[in-house]
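*Asks:* For reference, the structure I am asking about is given below.
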Amino acid sequence: VVTVQGDAADDATVSQLVSNAVKEQGQLDIFFANAGIASGTPSMLHLEDEEWEKMMHVNTTSCFLAVKYAAPAMMKINEGGSEEEGRQRSAKDASNGSIILTASVAGLRSGAGPVHYSASKAAVNSIAQSASWNLRHSNIRVNSICPGLIETGMTATMFEMARQRGTAQKIGQLNPLGRYGVAEGKEVV
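Taking the numbering used here, the leading residue of the sequence shown gets 207, the next gets one more, and so forth.
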């Protein structure tokens, strides 16, 4: 596993991450693009251009860059067998891999999030579909996962506002299970 702290929507950062992973591991098999932000802006009528652009940049550009750099790395073949830092590298004799992009139920259903968040996550789903078609002969899978609303630090403000308004029971009603999720280790309030 190779990780890096940086801007997932920065071309040089993602390119370097993929390069480092291939250098350290000899190949790239899986890339999980899981960066994202959310916003509490309730209405598109009050949405500033800068908020729209930031949301699209972080949530959508990061996934585009993941595919742009991970796919060519997954196409590379290696002979394996070399030993670096005491570990044997396995051979990779064919193009293959899996790219996973985090989208959201908000990218599938109207009313599941603010317009800029929903649009950014719908774009992620479209990137996954388009990339899958473009890479159809490479044995590289590109999928998006669409979690429903999860109570995390990113969504804490929205949960707190709903609790103060007395509408907490409505949170997550558009999720397939009709409720929101709770991150592991977090108690339901």
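In this text, a Cβ means the ideal position worked out from N, Cα and C, and glycines have one as well.
Look up methionine 316 in the DSSP assignment and say whether it is helix, strand or coil.
*Replies:* Here residue 316 is serine; the residue named in the question, methionine, does not match the sequence. Looking at serine 316 - three-state DSSP - the assignment turns out to be coil, as it is neither helix nor strand.
*Asks:* Decide if methionine 280 is buried, meaning its Cβ has at least 16 other Cβ atoms within 10 Å, or exposed.
*Replies:* Per the 10 Å Cβ criterion, buried.
*Asks:* If you drop the 5 nearest sequence neighbours on each side, which residues of the same chain put their C-beta closer than 6 Å to that of asparagine 284?
*Replies:* Gly232, Gln233 and Lys298, listed in sequence order.
*Asks:* Measuring CB to CB, does valine 220 end up less than 8 Å from alanine 214?
*Replies:* Yes; because the gap between Cβ atoms is below 8 Å, this pair is in contact.
*Asks:* Quick check: what's the CA-CA separation for cysteine 269 versus glutamine 335?
*Replies:* In a straight line, the C-alpha of cysteine 269 is about 12 Å away from that of glutamine 335.
*Asks:* Are at least three pairs of beta-carbons, each pair with one atom in the stretch 271-279 and one in the stretch 355-375, less than 8 Å apart?
*Replies:* Taking 8 Å as the limit for Cβ pairs, the verdict is that the stretch 355-375 does not touch the stretch 271-279.
*Asks:* Taking DSSP as the reference, what is the three-state secondary structure of glycine 359?
*Replies:* Correct three-state label for glycine 359: helix.
*Asks:* Could you check whether valine 311 and methionine 250 sit closer than 8 Å to each other, using their CB atoms as the reference points?
*Replies:* Cβ atoms of methionine 250 and valine 311: not closer than 8 Å.
*Asks:* Within the stretch 249-311, note down every full beta strand (DSSP E) run reaching 3 residues or more, in order along the chain.
*Replies:* Runs found: 303-308.
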